[in-house]
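Structure record follows, encoded as structure tokens.
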Amino acid sequence: MHRTAVVGTALATATAAALIAGCRAGETTVDGRGQERPRARADTSASARETPRPRRTFTHEPTAEPSAKAVVRSPRTTEPAPPRRTAPRVAPPVIAFGTTSDRVRELQARLRALGLFHRNPTGYFGTVTQASVSAYQRGHGLTATGSVDQRTWASLRSATKTPSHDALYPPTTLPLAKPDPRCKTGRVLCISKSSRTLAWMINGRVVSAMDVRFGSEYTPTREGLFQVNFKSRDHVSTIYDTPMPYAMFFSGGQAVHYSADFAARGYSGASHGCVNVRDKKKIAALFDQVKAGDKVVVYK
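Here the sequence shown is numbered in full-length UniProt numbering, starting from 1 and rising by one per residue.
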């Protein structure tokens, strides 16, 4: 009895200790003899903790991600071809550039009447005439092409009068300059250096006109008011030993006369101070009309 009481007391004591220990009660156990023994702990190692999970079974294989970003292309569409552009039609010229004709002469005369062509008609359609045509077109609401098409030609003809024969075939290459006041009375050989012309005038009226050239800078033609001193139809220069047909002297050895060199070379040459005339027929007719004592005016 005594032994049974002792075992019961021990069990009671162990039970009380377990209640007091609370969370530690699971760490010990009491064997059949009442001896407290450590409870076998559950294996908490990694292998014990990591309980293998059941393997998933896929009904299809996962799609692998592309190594590069996929490029999404829009469906290709065919663009309509741009409309073909056709060059605007250019009206054929009535008077072609680079040509020589009486119609070109008329064109130039009409432009000159409007103050757009600053030379006498030559009959040749060059760059000077082209620029004058462009100026007319700009001033009359036409496209400034410089080409004389039917519209331009009709407009110009309606804007001007029919040129006279003298306007179409002027006696000089350049228009006559405004006469010097001293040329407006009496019988005068009115000679302009600026227009390189000689006008034979009687009481302010031009009787005839012709191209002339003058001396060089080393042998200049003198300017001023003179008179015809004497005339010599078949004169030969005693200084230069050159022919001076139809010579009309007005200032020392300077005279108005025909020049074969001027007729051949034009303005590329110069005189020794005389007034050269290149149209032999005109100077011959003038020689018969001019008298000694008639005025000679040389001006710029």
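We put the CB at the ideal spot given by N, CA and C, even for glycine. The model shown is predicted, which means the values in this text are computed figures rather than measured ones.
Three-state secondary structure assigned by DSSP to residue i
{"i": "SER195", "result": "coil"}
{"i": "PRO243", "result": "strand"}
{"i": "CYS274", "result": "coil"}
{"i": "residue 305", "result": "What the structure shows of the chain is the stretch from 1 to 300, and residue 305 is not part of that stretch, so it cannot be assessed."}
{"i": "GLY252", "result": "coil"}
{"i": "ARG119", "result": "coil"}
{"i": "THR99", "result": "coil"}
{"i": "ALA284", "result": "helix"}
{"i": "VAL128", "result": "helix"}
{"i": "GLY266", "result": "helix"}
{"i": "SER237", "result": "coil"}
{"i": "ARG85", "result": "coil"}
{"i": "VAL94", "result": "coil"}
{"i": "ALA177", "result": "coil"}
{"i": "VAL133", "result": "helix"}
{"i": "GLN35", "result": "With a pLDDT of 47 at GLN35, under the threshold of 50, the modelled position of this residue cannot be trusted; read the value that follows with caution. Looking at GLN35 - three-state DSSP - the assignment turns out to be coil, as it is neither helix nor strand."}
{"i": "VAL104", "result": "helix"}
{"i": "GLU27", "result": "A caution first: GLU27 carries a pLDDT of 44, below 50, which makes its placement in the model unreliable, though a value can still be read off. GLU27: helix per DSSP, three-state reduction."}
Nearest candidate by alpha-carbon position, reference residue i, set the options
{"i": "LEU198", "options": "ALA177, VAL133 and TYR218", "result": "ALA177"}
{"i": "PRO93", "options": "GLN150, ALA263, VAL298 and ASP279", "result": "GLN150"}
{"i": "ILE283", "options": "TYR258, GLY204, PHE214 and ILE239", "result": "TYR258"}
{"i": "PHE250", "options": "GLU223, THR238 and PRO243", "result": "GLU223"}
{"i": "VAL277", "options": "GLY98, ASP211, ALA144 and PRO179", "result": "ASP211"}
{"i": "PHE117", "options": "THR99, LEU174, THR152 and THR100", "result": "LEU174"}
{"i": "GLY123", "options": "THR143, GLY141 and PHE97", "result": "PHE97"}
{"i": "SER106", "options": "ASP241, VAL206, LYS281 and TRP153", "result": "Note that residue 106 is Glu in the sequence shown, not Ser. Cα-wise, what sits closest to GLU106 is TRP153."}
{"i": "VAL206", "options": "CYS190, ARG103, GLY215 and VAL148", "result": "CYS190"}
{"i": "GLN130", "options": "THR221, ALA144 and GLY269", "result": "ALA144"}
{"i": "ASN203", "options": "TYR169, THR221, VAL128 and PRO179", "result": "PRO179"}
{"i": "THR160", "options": "ARG112, VAL296, SER134 and ALA255", "result": "ARG112"}
{"i": "ILE95", "options": "SER237, GLY253, LEU156 and ALA292", "result": "LEU156"}
{"i": "LEU114", "options": "ALA135, GLY266, PHE125 and VAL256", "result": "ALA135"}
{"i": "HIS272", "options": "GLN137, PRO82 and THR242", "result": "THR242"}
{"i": "ALA292", "options": "TYR267, ASP279 and ALA255", "result": "ALA255"}
{"i": "PHE226", "options": "ALA81, MET244, GLY253 and SER208", "result": "GLY253"}
{"i": "VAL148", "options": "THR172, PRO171, LEU168 and ARG103", "result": "ARG103"}
{"i": "TYR240", "options": "CYS274, HIS140 and SER268", "result": "CYS274"}
Per DSSP, the bridge partner or partners of residue i
{"i": "HIS140", "result": "For HIS140, which the question treats as bridged, DSSP gives no partner whatsoever."}
{"i": "THR160", "result": "THR160 is not bridged to any residue."}
{"i": "MET153", "result": "The amino acid occupying residue 153 in the given sequence is Trp; Met does not appear at that position. According to DSSP, which records beta bridges pairwise, TRP153 is partnered with nothing at all."}
{"i": "LYS295", "result": "VAL188 and GLN227"}
{"i": "ARG222", "result": "None, per the DSSP bridge assignment."}
{"i": "ASP211", "result": "THR197"}
{"i": "ARG112", "result": "Answer by DSSP bridge pairing: none, since ARG112 is not bridged."}
{"i": "SER232", "result": "ALA247"}
{"i": "VAL206", "result": "MET201"}
{"i": "VAL148", "result": "ILE95"}
Whole-Å CB distance - residue i paired with residue j, under 8 Å assumed
{"i": "ARG196", "j": "ARG182", "result": "Not confirmed; about 19 Å, so no contact."}
{"i": "SER192", "j": "TYR299", "result": "6 Å"}
{"i": "GLN289", "j": "TRP200", "result": "7 Å"}
{"i": "ASP261", "j": "ARG187", "result": "About 29 Å; that fails the 8 Å criterion."}
{"i": "ALA270", "j": "SER194", "result": "So it is not a contact: roughly 16 Å between Cβ atoms."}
{"i": "LEU286", "j": "SER237", "result": "In fact, because the Cβ distance is near 20 Å, the residues do not count as touching under 8 Å."}
Specify whether the segment 229-245 and the segment 156-172 touch according to this definition: at least 3 beta carbon pairs, one from each stretch, less than 8 Å apart. no
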